Structure formats: C-alpha cells, structure tokens
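Numbering (the UniProt record's numbering), first residue to last: 1 to 661. Presented below is the structure to which this report refers.
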C-alpha cells in the first residue's frame, strides 16, 4: 500500500496516531514505576521490639525496611522506645526505611563520685542511688548496738569514684534488737525485680540476686527462690532469687555478610550491634570483617561489636603538594586501621623546594592496609659551593649572591690572615635558596700591656679568654703580689707582654709601716682599737714583773714591717710589780693543850693563821727523847715569826709542835 506523506489529511492522521502511541507508552511507564500501596506507620510508643517486628511482618515490609538500633539513655527505661524515624500517620512505601531506636538504659560506664554515707538514712541512700542511676545495688541489714536503726553502717567498696555498673552492697543498721518479727516469704513468680527489691527493703530482708539463661522463663522473670514461698524467715535473713536472662543466642561469625544482613541477623536474635569501620585488603566494601564475640552462647540484649569493611584505601595524588598534605591523608585513613606507612626522600628537581614530585603508586590506586608508599620531595636544583678561603668578605658575599644562595652563620677568629679575609666556608652541593656558613679573620691579636693595667685579675683573664674563644692562643699569668699605694687591692699593675703571655703583678693595696710600740704606753684604752692604719689587740702578761703596769713589752709584728691596712697586731702589756699584802700574826698558844694530839693542835693553829690571811705555813713535828725529853704532846714549841707582828701575808711561817709519838 502506498501512502502519500504529502497529503495534509494523511499527515494529520499520522500525527494523531503518534500522539496516542506516545501517551499509551507514558501511561505504561508510569504504571510500571508507581510504588506499591503505601503503608501508614503507627505510633510505636510503648511497643516492644518483638511487637514492632511482628507489625513489620504483617505489613510485608522488606528485610531492610525495618532497622532496630539501640543507644544508652538516662531518661528512657531499658528496652523502651526512644524514637522512630517515620512519625505515626505518615506513609511508608517500598523504598522507605523505618528506623526505631530503643534504650539500652543508663550507660554503665559513666563514673559516679560516692559521698561519705556516714550518718545517712536508708531513704537518703536510696535517693542517691536513684538520682545517679546506679545499676547493681543490694541492701543488707545487720544488728548494731551503736548505730541508730535505719542508718548506714558500711558499703562494700573503698573507692570514692565508681562506675554505674559497680556492685554496691549497703549494710543498714537494725538497731540493738534486730531480730524483728517473723515473715512469711511470698511467691515471687509474678514479681518484677523492682517489686522484690521494694518488698525486701520494707521487710528488712537481704536479697542475694543470681541470673541464669532460660529458654522457658521469660527475661527478667523469676526462675527460683530460696527459701520458697510460704516459708518463714526473720528480719535480717537472706533470700536468694534467681532471675531469667531470657533465651541465649548461639553466636556465629558474621564475616562476609553485608552490613544490612548483619544488622538483620542481630535484630532477629535480639542482640544489639555496635558497628565500626575499618579498611580491608580482602573484604569487599560494606561487608563484615569480624565480630566480637564470634562464638559461644550470649544472652539476648547483649552488645556485639561488628567491624565493617571500607574496602581498600584509594590513594590520592600528592604530586605538586607538600609532605604535610600526605601526612594529613595518612592520619585520616589510619584512624580506620589503614596502617599505611609513608617514606620520604629528597631529590634534585626544578620544582619548588618541599614539593612532592613523585609517589610510589599512581593516584586512584587501591591499596591494601599496611602498604608502604614512597614519596620523593624536591630539594631544588643543587649548586656547588667552592672553598673561598683567602678572599675578602665582600668578594665572598658577591659570590654567594651570584649563586642564588644566602649567607648563613658568620663567625670570626684571630689568625695570621689579614682582617676581613675568609678563613673557611661551607662547601659542596647545596639546594637553591640554602644558606652557607663562613668564618672571617680578625687578624692577629695584638694587645698592649696597658690594656691589662688596674683591672681585677678576673677582668684581665676575661680579655685573654674572649680572644682565645676566637683562636688567639694567648695566656695570662699572675706575678708577685706587692703593696701599691695607687692601685686598689686585688687589681693589676706592672703588666708586661712576652710572646703570647701577659704577666701582671697584683696589688696588695696601700702598705702600712708598723711602728715600734715596745717600751711605750698602751695605745688603746680598751682591749682593742684601730690606730696608725692597723688594728691593735692588747693582752697582759701572765706574771708580774718589774716593768710598770700597762707598758708595752712585746708586739706580734716587728717595727718597720710593711703590712696591709687594717692588719691585726697583738701588743703584750706588763702587769707591773706584784702587790704587797700584810697582816698581824695571831698570838697562837704556846702551852700544852691538855688531852690534845699533834693533829688537833696543828689544825687549830692552821685555822687561826689562815683566818688571819697567812697560808704559807710549814709544820714540824718534834718527837724523840732528845728533842722532846718530857714527851710533851700537842703544844707549840716555836713559831718562826714574832707573834702579834705586822708582816707580809706571803711570808713563810714555820711552826714546831710537840708530839709524843
């Protein structure tokens, strides 16, 4: 059939057919791409994880459309809903993901500072426990005669800072009489842990808690109690209550599951996933590398740490960048276990100094963790610096400037070379823009003797020391110490130079010529004084002499000796003649003392003379038929001085006394 495409009716008909065809195709496309029937999301407040999962199953949500996450919360009770990503009454289609976040309860690792509980009541302790959300607290009760009933006795820890999860056992006083009344133990089967705790506190009973996994008893329900329900106990007794941890889950390796698959497996088994990311050379991006624990039985609600792969590390290009840029990249990826090592070496290059000119792997290369990447950094184009010893400093500066280098550290030294001459300089290859150190001659060290005159020895030595620090090689010597009226003590004078040695005398200051004090009167009115430029110290002779008292008889430093100002000189003074003392000789009895002995007589005579001031006494015993023919006993025969006479008390007195034997 031939169609006339030039006919207007034909063209119109074909246009209409084309439009209809396009409209039909568009409608089909729209129908094919429209999502399924939207689902209205409920308000999940107060719902459990199991109830929400059941709802998702009934609504035929895809496996990845419901995500259950857990986080710690101080305001929402454990296993209670914190938030939902899609609010109630809103629609959820086949591409939507509903995330519900449940509470893990208070963070057990938060640290709490414990107060001094001494003197606190049980109610005050309970308030502290509740406010700080302590997670493992038990109350015990004990008889105590000293502590008032209902008040704190002790706690089982000594640390002042503990984690919320630390087990705390508070012992509360029951007072003097803590026997209490008998108590019938109730059946705890339908009690919650909180209700059992409240009952125990009300009845002053200690609960010993235990936990066991159970496939039959629901989580947080009582498995057993000891004593059993109906038995009788007393205040202060203990009851052991075993609570169910719920079903256990046999853990397995999640390796090579996708992150979503791992999440689903954990959610389906009532476990909480704690996900982190790390690079891997063997596990594809988004898939699990490892999980902890990897095997064994764990209780429902436990946290499983899951490490998800970021794949290999994609290397960036650092050509033309700095070392700091590469290090920043390495630090970032190594935080996710890339464990990359970067090494750097310098090469000559026309690129600016410090610029990376090559890297061991091309940009975009995917690297396995632990790979070492080598980088080359430009040190610029090298320039050879020659030895310029002997040229002037100005010439050297022009030379360095002409090479495109900079002057570095400048030092100086004395030498035989003319002042301003280069002694040595840094040589060899240098990068463009580098600095070059050099040393300049100060010429010979040529001091004058006068440079050292009238200076302290330390100052004179310092001149030589400073010069020697610059290579002078000189020395300083102290000559004799002499008095010098014009130079202060300790300062130099009379300096001379021989070779490379400076020698200076050292002044002892102004000299004082010691006078002759012997034969003259004491110059000081007290024991010491300063006179004639010296210090005088006066002492007296130990014995009397014929020299008049107070006259100088000796001096410690001879007359005419030159000494330093203030030198101490000791003068010895005469005590003068010994003074004369007289007393009257007592009239000692010369008759026989009836019934006395020689010793009695001697004692009485000695006492009488001593009282009169005489101590130089000599007693002679007269015995024998010839000397004492009558046998007289205890009578004075004779006294060597006249009785009653006035004589010197130092006079020797001889007394003879008769003795019969």
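Glycine included, C-beta positions come from ideal geometry on N, C-alpha and C. Treat the numbers as computed from the prediction; the structure is a model and nothing was measured.
Determine, using beta-carbon pairs with one atom in the stretch 113-130 and one in the stretch 72-80, whether at least three such pairs fall under 8 angstroms. no
Between the beta-carbon of residue 419 and the beta-carbon of residue 380, is there less than 8 angstroms? no
Compare the C-alpha of residue 208 against each of 182, 168, 184 and name the closest. 168
Use the C-beta contact count for residue 140: other C-beta atoms within 10 angstroms, 16 or more gives buried, fewer gives exposed. buried
Taking all protein chains shown into account, do 16 or more other C-beta atoms lie within 10 angstroms of the C-beta of residue 654, making it buried, or fewer, making it exposed? exposed
Measuring only the C-alpha atoms, how far is residue 512 from residue 542? 30 angstroms
At 4 residues or longer, what runs of the alpha helix (DSSP H) sit wholly inside the stretch 278-358? 323-334
Mark residue 184 as exposed unless 16 or more other C-beta atoms lie within 10 angstroms of its C-beta, in which case mark it buried. exposed
May I ask you to verify whether the stretch 286-298 touches the stretch 345-354, counting CB pairs closer than 8 angstroms and requiring at least 3? no
Return the bridge partner residues of residue 136 from the DSSP annotation. 167
Cβ separation of residue 103 and residue 127, assumed to be a contact under 8 angstroms, to the nearest whole Å: Going by Cβ atoms, the distance from residue 103 to residue 127 rounds to 22 angstroms, so no, they are not a contact pair.
Determine the closest residue to residue 130 out of 171, 142, 77, 174, with distance taken between C-alpha atoms. 77
Beta strand (DSSP E) containing residue 431: first to last residue? 428-431
Helix, strand or coil at residue 33 [DSSP, three-state]: Confidence at residue 33 is low in this model, with a pLDDT of 37, below 50, so its placement is unreliable and the value that follows should be read with caution. Of the three classes helix, strand and coil, the one that applies to residue 33 here is helix, per DSSP.
Please go through the same chain and pick out, in chain order, the residues whose beta-carbon is closer than 6 angstroms to the beta-carbon of residue 2, but skip the five residues on each side of it. Residue placement at residue 2 is poorly supported in this model, since its pLDDT is 43, which falls under 50; the coordinates still yield a value, given next. Answer for residue 2: no residue qualifies.
Taking 8 angstroms as the cut-off, decide whether the C-beta atoms of residue 582 and residue 648 are in contact. yes
Measuring only the C-alpha atoms, how far is residue 189 from residue 215? 16 angstroms
Residues near residue 360 in its chain [Cβ-Cβ closer than 6 angstroms; skip 5 each side]: 373, 374
Evaluate the contact criterion for the stretch 521-541 versus the stretch 551-571: three or more CB pairs, one atom per stretch, below 8 angstroms. yes
Enumerate in chain order the residues of its own chain whose CB-to-CB distance from residue 303 is below 6 angstroms, with the five nearest sequence positions on each side excluded. 272, 274
Per DSSP, residue 239 is paired with what? 207
Along the chain, where does the beta strand (DSSP E) that runs through residue 539 open and close? 534-540
Taking only runs that begin and end inside the stretch 395-451, name each unbroken beta strand (DSSP E) of 3 or more residues, in chain order. 406-413, 422-425, 428-431, 435-441
Please report the distance separating the alpha-carbon of residue 223 from that of residue 245. 10 angstroms
Let me make sure I understand the geometry here. Which of 219, 42, 52, 613 has the alpha-carbon closest to that of residue 268? 52
Would you kindly report the start and end of the unbroken alpha helix (DSSP H) that includes residue 122? 122-131
Closer than 7 angstroms by C-beta to residue 149: which residues in its own chain qualify, once you throw out the five before and the five after it? Chain order, please. 173, 174, 175
Where does residue 521 fall in DSSP's three states? strand
Cα separation between residue 122 and residue 182? 22 angstroms
Is residue 437 buried or exposed, if buried means 16 or more other CB atoms sit within 10 Å of its CB? exposed
Return yes when the Cβ of residue 637 is within less than 8 angstroms of the Cβ of residue 657, no when it is not. yes
Determine whether the beta carbon atoms of residue 91 and residue 56 lie at a separation below 8 angstroms. no
In terms of residue numbering, what span does the alpha helix (DSSP H) encompassing residue 261 cover? 259-268
Let me know if residue 645 comes out buried or exposed under the rule of 16 or more other beta-carbons within 10 Å of its beta-carbon. exposed
Nearest-angstrom Cα distance between residue 124 and residue 98? 44 angstroms
Considering only C-alpha positions, which residue in the set 501, 608, 370, 364 is nearest to residue 343? 370
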